[in-house]
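*Asks:* Just passing along the structure, written as structure tokens.
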């Protein structure tokens with residue numbers, strides 16, 4: 002029996018291959034460390050955290066029918082994600098993300114999300130064919146979108162009646178893809194989750210802090226924004242007002258996935274009825290716990 006999701010996560014679901022070292026690294030460094038292979042991708046990272054907060058996310062993505070894809074689907078299902086609606090391609094390989102992290106943070110990363118991009122709007126079919134919704138009865142709930150989708154698909158989503166009743170929560174996959182979110186900047190129900198660098202790219206400038214960045218994004222037409230600035234601050238706001246908080250101070254042991262954890266914890270907190278300040282606090286604590294190497298709850 003197919004379960005009914007309370008949130009839909011649309012975007013990248015892939016294998017994360019992460020090399021981590023306790024050494025300070027630069028270009029050309031060759032140091033000892035650990036290499037892990039785990040389910041990842043923005044949509045997957047968000048869904049994993051949502052599961053820890055008791056939610057039932059459905060994944061809309063593209064996963065190949067290769068061995069890597071079969072293993073990935075199995076892992077996602079084991080963790081409690083609803084995978085019934087995933088687009089499975091016969092000829093596209095399962096995507097992969099590779100990163101290197103040192104004591105000084107993320108050194109380099111490559112996201113190979115070509116299969117997701119090639120699948121395009123095929124991943125959205127369940128929202129149109131009556132399975133999860135249709136133009137006449139669009140899905141009425143939170144939808145997490147990630148910037149690994151193509152700019153064309155994000156533009157289509159921005160204008161599509163399939164999302165007319167959705168609470169859109171949007172995050173760039175990386176600073177390199179931040180400008181893709183311009184298509185959703187003025188959407189009346191979209192909440193943008195960005196870091197300070199991504200906010201600067203969207204506004205074509207730089208900001209000294211998250212508060213200034215949030216105000217600038219609102220001035221550019223954003224309905225609602227959350228801007229993080231590492232361990233310095235985080236700001237959430239609309240045209241009415243902006244609130245800013247300072248994250249807990251922790252020892253950082255990992256970076257990849259921290260923003261996705263923050264976003265998912267914030268969504269779950271609001272779905273569960275927390276007010277704005279409490280939801281932001283809970284999300285910051287979840288992200289801080291994550292980067293410290295523990296499991297956020």
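Residue numbers (the working numbering): 2 to 298. The C-beta atom is built at its ideal place from N, Cα and C for all residues, glycine as well.
1) Cutting at 6 angstroms between CB atoms, please list the residues of its own chain near residue 112, excluding the five before and the five after it.
2) Three-state secondary structure (DSSP) at residue 143?
3) CB residue 1 to CB residue 245, shorter than 8 angstroms?
4) May I ask you to verify whether the segment 58 to 65 touches the segment 79 to 99, counting CB pairs closer than 8 angstroms and requiring at least 3?
5) How many angstroms separate the CA atom of residue 118 from the CA atom of residue 18?
6) Please go through the same chain and pick out, in chain order, the residues whose beta-carbon is closer than 6 angstroms to the beta-carbon of residue 237, but skip the five residues on each side of it.
7) Between which residues of its own chain and residue 219 is the CB-CB distance below 6 angstroms, once the five residues before and five after are set aside?
8) Express the C-alpha separation of residue 31 and residue 101 in angstroms, rounding to a whole number.
9) From residue 20 to residue 28, what distance separates their C-alpha atoms?
10) Looking only at its own chain, which residues have a Cβ that is under 8 angstroms from the Cβ of residue 24, when we skip the five neighbours before and after it?
11) Do three or more CB pairs link the segment 36 to 51 to the segment 123 to 139 at distances below 8 angstroms?
12) Starting from the C-beta of residue 162, find all residues in its chain whose C-beta is less than 7 angstroms away, skip the five residues before and the five after it, and write them out in chain order.
13) How far does the beta strand (DSSP E) with residue 107 in it extend, from its first residue to its last?
14) If you run the structure through DSSP and keep just helix, strand and coil, what is residue 204?
15) Is DSSP giving residue 297 helix, strand or coil here?
16) Nearest-angstrom Cα distance between residue 258 and residue 134?
17) What do you reckon, are the CB atoms on residue 149 and residue 178 nearer than 8 angstroms?
18) Quick check: the Cα distance between residue 171 and residue 191, rounded to an integer number of angstroms?
19) Ignore the nearest five residues each way along the sequence and tell me which others in residue 42's own chain have a CB closer than 6 angstroms to its CB.
20) Tell me the rounded alpha-carbon separation between residue 121 and residue 215.
21) Just to check my reading of the structure: residue 110 and residue 8 have Cβ atoms closer than 8 angstroms, yes? What is that Cβ distance to the nearest angstrom?
*Replies:* This is what the structure gives:
1) Taking the first residue of the chain shown as 1, we reach residue 112 at position 111. Closer than 6 angstroms at Cβ, skipping near neighbours: 98.
2) Sequence index remark: in the chain shown, residue 143 carries index 142 (1-based). DSSP, read as helix, strand or coil, puts residue 143 in strand.
3) Because the chain is modelled from 2 through 298, residue 1 falls outside the range shown and cannot be assessed.
4) Yes: the two stretches touch, three or more of their Cβ pairs being nearer than 8 angstroms.
5) One-based indexing of the chain shown puts residue 118 at position 117. One-based indexing of the chain shown puts residue 18 at position 17. Using only the alpha carbons, I get a separation of about 20 angstroms.
6) Reading the chain shown from its first residue, position 236 is the one you call residue 237. Once the five neighbours on either side are set aside, the close Cβ partners of residue 237 are 227, 244 and 281.
7) Looking up residue 219 in the chain shown gives position 218. The residues are 240.
8) Position 100 of the chain shown, counting from 1, holds the residue named residue 101. Position 30 of the chain shown, counting from 1, holds the residue named residue 31. So the alpha carbons of these two residues sit roughly 11 angstroms apart.
9) Walking along the chain shown from the start, residue 20 turns up at place 19. Walking along the chain shown from the start, residue 28 turns up at place 27. If you draw a straight line from the Cα of residue 20 to the Cα of residue 28, it comes to about 14 angstroms.
10) Here residue 24 refers to the residue found at position 23 of the chain shown. These residues qualify, in order along the chain: 30, 32, 33, 34, 103 and 104.
11) No contact exists between the segment 36 to 51 and the segment 123 to 139.
12) Against the chain shown, residue 162 aligns to sequence position 161. Contacts found: 136 and 139.
13) Start at 1 with the first residue of the chain shown, and residue 107 comes out as number 106. Counting along the chain, the beta strand (DSSP E) containing residue 107 begins and ends at 106 to 113.
14) Locating residue 204 in the chain shown gives position 203, counting from the first residue. In the structure shown, residue 204 sits in a helix (DSSP, three-state: H, G or I).
15) Taking the chain shown and counting its residues from 1, the one referred to as residue 297 is at position 296. Low confidence applies here, because residue 297 scores a pLDDT of 48, under 50, leaving its location unreliable; read the following figure in that light. In the three-state reduction of the DSSP assignment, residue 297 falls in the coil class.
16) Walking along the chain shown from the start, residue 258 turns up at place 257. Walking along the chain shown from the start, residue 134 turns up at place 133. Distance between the alpha carbons of residue 258 and residue 134 is about 29 angstroms.
17) As a working note, residue 149 is residue 148 in the chain shown. As a working note, residue 178 is residue 177 in the chain shown. A contact, by the Cβ cut-off of 8 angstroms.
18) As a position in the chain shown, residue 171 is number 170, starting the count at 1. As a position in the chain shown, residue 191 is number 190, starting the count at 1. As the crow flies, the alpha-carbon of residue 171 is around 7 angstroms from that of residue 191.
19) Working through the chain shown from its first residue, we reach residue 42 at position 41. For residue 42, same chain residues with a beta-carbon under 6 angstroms away, outside a window of 5 residues either side, are 13, 14 and 15 in chain order.
20) If you number the chain shown from 1, residue 121 lands on position 120. If you number the chain shown from 1, residue 215 lands on position 214. A direct Cα-Cα distance of roughly 30 angstroms separates residue 121 from residue 215.
21) Residue numbering aside, residue 110 sits at position 109 when the chain shown is read from its first letter. Residue numbering aside, residue 8 sits at position 7 when the chain shown is read from its first letter. Their Cβ separation, rounded to whole angstroms, is 26 angstroms, which puts residue 110 and residue 8 out of contact at 8 angstroms.
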